[in-house]
Amino acid sequence: MAEKLTFPAESAALLEPRLPPKLDPENASRSRPFVTLTFATSLDSSLSLAPGVRTRLSGPGSKAMTHYLRTRHAAILVGVSTVLADDPALNCRIAGASHQPRPIVIDANLRWTPRRSDKVFEVCRSGAGLAPFVLTGIDASKLPPESVELLHEHGGKYIHVPTTRSEATGRLRFSWDDILAALQAEDLASVMVEGGGQIINSLLDPAYHNLIDSVIVTIAPTWLGQGGVVVSPDRVTDSAGVPFPVARLSHVSWHPFGEDVVLCGTLRE
Ligand SMILES: NC(=O)C1=CN([C@@H]2O[C@H](COP(=O)(O)OP(=O)(O)OC[C@H]3O[C@@H](n4cnc5c(N)ncnc54)[C@H](O)[C@@H]3O)[C@@H](O)[C@H]2O)C=CC1
Ligand SMILES: Nc1nc(O)c(N)c(N[C@@H]2O[C@H](COP(=O)(O)O)[C@@H](O)[C@H]2O)n1
0 MAEKLTFPAE
10 SAALLEPRLP
20 PKLDPENASR
30 SRPFVTLTFA
40 TSLDSSLSLA
50 PGVRTRLSGP
60 GSKAMTHYLR
70 TRHAAILVGV
80 STVLADDPAL
90 NCRIAGASHQ
100 PRPIVIDANL
110 RWTPRRSDKV
120 FEVCRSGAGL
130 APFVLTGIDA
140 SKLPPESVEL
150 LHEHGGKYIH
160 VPTTRSEATG
170 RLRFSWDDIL
180 AALQAEDLAS
190 VMVEGGGQII
200 NSLLDPAYHN
210 LIDSVIVTIA
220 PTWLGQGGVV
230 VSPDRVTDSA
240 GVPFPVARLS
250 HVSWHPFGED
260 VVLCGTLRE
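Counted the way numbering that gives the first Met the number 0 counts, the sequence shown spans residues 0 to 268.
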């Protein structure tokens, strides 16, 4: 039987100032989607015990909060390693949810081979979620036809996004401006960026702070220990090589949800 979560109206009211507008009359005038950065972290800033290990951090209350966020955003974005590690459903499981978010998978180098048995397609076939849009740097002519067909059959697709090649890894990369332009072109007015570590760390680059409208972080009262997937963006230094903080939230509020606490803030002025 499918899991059904509930999220109280009082809690929803607390989050309202942090969320994209419900009916987005402003969207026509917005040049890019509303971006919410949201994830669950341990006390030692880990998202999971190790790369590739699905790790439960959120308790029932904060989990329901995340699912409320899912129904309040047009899209939910994750990196390909999260898909490979977690086989996530990426749907909203709040009872009576009227909207499902569009899953967006960042897969510049095409590492994910979609399978019919993947949870994201299962929930789609049962009417409880949408098929993913996969953002890739690979040319349409080189995409595997079976994957194109599987996505298409479920209402998903590949979307080509311009790339640069990382000098460090030799891998294709997107700029966040291009990612958001691709979502805007699909009329996706808002996106929650959920992880994993590399995705979050790349978005926290100071060049992109003005793209992040809202930050909502669940903090679980647990240490996962060393070796986890850590949220810690690249260090920034001044002209003398002295490091300074990469980012600090403003307009901060803290909300307990069961044993977890949810931290809300913004990186914008
Ligand atoms: N606690 C939580 O809220 C969450 C936990 N997770 C956990 O995080 C782990 C996965 O995290 P990671 O290993 O860091 O992988 P990831 O999910 O961040 O994906 C990494 C991939 O994304 C690509 N990527 C990142 N930035 C890119 C960019 N700007 N352009 C193009 N490609 C880009 C990388 O090249 C790499 O292939 C899993 O264990 C998962 O369970 C994932 C999401 C949320
Ligand atoms: N909010 C939150 N709390 C946790 O404890 C988590 N492990 C995650 N992980 C994210 O949720 C995805 C799983 O989604 P489904 O439940 O399968 O729909 C997982 O892939 C991470 O993105 N999030």
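For each residue, glycine too, the CB sits at the ideal point set by N, CA and C.
Item	Value
Buried/exposed call for Phe38, threshold 16 Cβ in 10 Å	buried
Beta-carbon spacing of Val229, Ser44 below 7 Å	yes
Proximal residues to Arg164 (C-beta, below 8 Å), its chain only, five neighbours per side dropped	Arg170, Leu171, Arg172
Whole-number beta carbon distance between Leu46 and Gly195, since they are thought to touch under 8 Å	6 Å
Reduced DSSP category for Val230 - H, G, I as helix; E, B as strand; rest coil	coil
Of the residues Leu56, Ile199, Ala107, Gly257, the one placed nearest Ala139, counting alpha carbons only	Ala107
Residue of Leu56, Asp237, Ile105 minimising C-alpha distance to Gly227	Leu56
First through last residue of the beta strand (DSSP E) which encompasses Thr65	Run containing Thr65: none in the beta strand (DSSP E); it sits in the alpha helix (DSSP H), 59-70.
Residue from Leu182, Ser231, His151 with nearest C-alpha to Ala246	Ser231
Closest residue to Val82 among Ala74, His98, Arg110 (Cα-Cα distance)	Arg110
Rounded C-alpha distance that separates Asp204 from Val235	9 Å
Arg114: CB within 6 Å of a non-hydrogen atom of ligand 2	no
Distance between Ser10 and Val133 (C-alpha atoms, nearest Å)	32 Å
Complete runs of the beta strand (DSSP E) confined to the stretch 89-134 [at least 3 residues]	101-105
Local Cβ density within 10 Å of Ala96, reported as buried at 16 or more and exposed below that	buried
Minimum C-alpha distance to Ile158 - residue among Ser116, Leu266, Leu14, Ser146	Ser146
For Asp176, the three-state DSSP class (helix, strand or coil)	helix
Thr217: first and last residue of the uninterrupted beta strand (DSSP E) it sits in	213-218
Nearest residue (CA-CA) to Pro242, options Asp177, His151, Asp233	Asp233
Inter-residue CB distance, Thr279 and Ile93 (contact presumed, cutoff 8 Å)	For residue 279 there is no data in the structure shown, the boundaries of the chain being 0 and 268.
Sequence-distant residues of its chain with Cβ nearer than 7 Å to Gly257 (five each side left out)	Gly58, Pro59, Gly60, Ser61
Contact between the stretch 178-190 and the stretch 70-78 (3+ Cβ pairs under 8 Å)	yes
Three-way DSSP call (helix, strand, coil) for Asp204 in this model	coil
Residue range of the unbroken alpha helix (DSSP H) whose run includes Thr81	79-85
Local Cβ density within 10 Å of Ser249, reported as buried at 16 or more and exposed below that	exposed
Closer than 6 Å: Gln197 CB and nearest ligand 1 heavy atom	yes
Rounded C-alpha distance that separates Leu223 from Thr54	9 Å
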